[in-house]
Amino acid sequence: MRKIWLKGWGNKDSNLNVVKVMVYVSPKATVLDPQGAAVQQAIKSLGHASVDAVRVGKTVTFEIDAEDTAETRATIDKLCDGLLSNPIIEDYRYEIVEE
Amino acid sequence: MKVAIIQFPGSNCDWDAEHAVDQILGVPAKRIWHKDSLPGETEAVVVPGGFSFGDYLRCGAIAQFSPIMTDLKNFADKGGQVLGICNGFQILCEAGLLPGALIRNDCLDFRCLNQSLKVEDSNDRFNRSKIGNSIALPIAHGEGNYRVKDSTLEEIEANKQVLLRYQGNPNGSIHDIAGIRNRDGNVYGMMPHPERAIEAHHPCLDGIPVLQSFLEPLQSARPAELASS
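Chain order of the listed sequences is A and B. Using our numbering, read the first sequence as starting at 65 and increasing by one per residue. Using our numbering, read the second sequence as starting at 204 and increasing by one per residue.
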């Protein structure tokens, strides 16, 4: 159950299902990652010589007022593929946390 | 109006591009807001540099879904002339009008300098004899590192789609690529700024032949004398 604020209607309790999505975007393994290389350099300069393969990506979280259905997942994939990530240089995966 | 200069929130080379095309080359140009339609009389489009939508997510990632992009894609599909400069190049790549993508410079620095470039014999309109063997144009970018998958890179090279290569690679771009065109030869993209090399107080004037070659089909491009006067 989630409380939603409806403009002009005051507070209202609602039974709407909300799907919370966490998207992880990372540079493709085959693509150079200058940020990852710089972070790795910093880690090594701190004396951690054994740390390797550092890659820097990003996470994006959002909520959808919907149930976790195939249709919802298709929408999420559509958002991930092109807007949230560029398939030429990045990979994505996501997790769904039902609230 | 012949040339439309698309303005996104965060574009900052739009006025410069308009000045270069309209005032220096003498081809009527107008800035068009990204939520408006492309005017019917448009003969060429410049997607200018800047930081559209704050470069959020990726450079050009959000601009590719602006309302005007539907018109721009239709315009390009029909053979319309499109030039993307810097952020404009990034937007055209994100929108799929040009192959590849631009990622962070390998040095991680924002590179801002007058860059030496080798002109490739790409097509009749944009070749060495017209523009010169080696030219210099200002660059100013943090994400100019051109990346493309190997098979596409082979196609780009085989089809002579590379317009300009860096001489002394400033950003790690693959095959030193600074600018490319699409296969059909009507969509151009480049990281260097030709509109910043057109007047006596600029570092050089090499932007004039570059812009003239792009606008050549429109034919009313004025001679370059104006720039030095």
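From the three backbone atoms N, C-alpha and C, an ideal C-beta is built for every residue, glycine too. Predicted model only: the values in this text are computed from it and were never measured.
In the displayed model, A134/A falls within a helix according to three-state DSSP. Assigned with DSSP and collapsed to three states, G382/B falls in strand.
Residue state for P341/B is assigned as strand, using DSSP reduced to three classes. At a Cβ-Cβ threshold of 8 angstroms, E398/B and I288/B count as neighbours. Looking from the CA of G345/B, the closest CA among A207/B, G335/B and G252/B belongs to G252/B.
Proximity of D309/B to chain A, defined by a Cβ-Cβ separation below 8 angstroms, is satisfied. Closest in alpha carbon position to G410/B, among L305/B, R261/B, Q318/B and A279/B, is Q318/B. If the five residues before and after Q284/B are omitted, its C-beta is found closer than 6 angstroms to the C-beta atoms of A247 and N389, all from its own chain and listed in chain order. Along the region 100–123 of chain A, going in chain order, the ones with a CB nearer than 7 angstroms to a CB of chain B are A102. Interface annotation, L418/B: not in contact with chain A, CB-CB separation never under 8 angstroms.
Here the region 345–360 of chain B lies against the region 306–315 of chain B, with 3 or more beta-carbon pairs under 8 angstroms apart.
By the Cβ rule, the region 124–131 of chain A counts as touching the region 80–87 of chain A, because three or more pairs are nearer than 8 angstroms. Going by DSSP, F126/A is part of the beta strand (DSSP E) stretching over K122 to I128.
At a beta-carbon threshold of 8 angstroms, the residues of chain B lying near V95/A are I306 and R350, ordered along the chain. In the three-state reduction of the DSSP assignment, R157/A falls in the strand class, which pools E and B. Uninterrupted beta strand (DSSP E) stretches at least 3 residues long and entirely within the region 263–338 of chain B occur at 284–288, 304–306 and 314–322, given in chain order.
Pairing A343/B with C407/B gives a Cβ-Cβ distance that is not under 8 angstroms.
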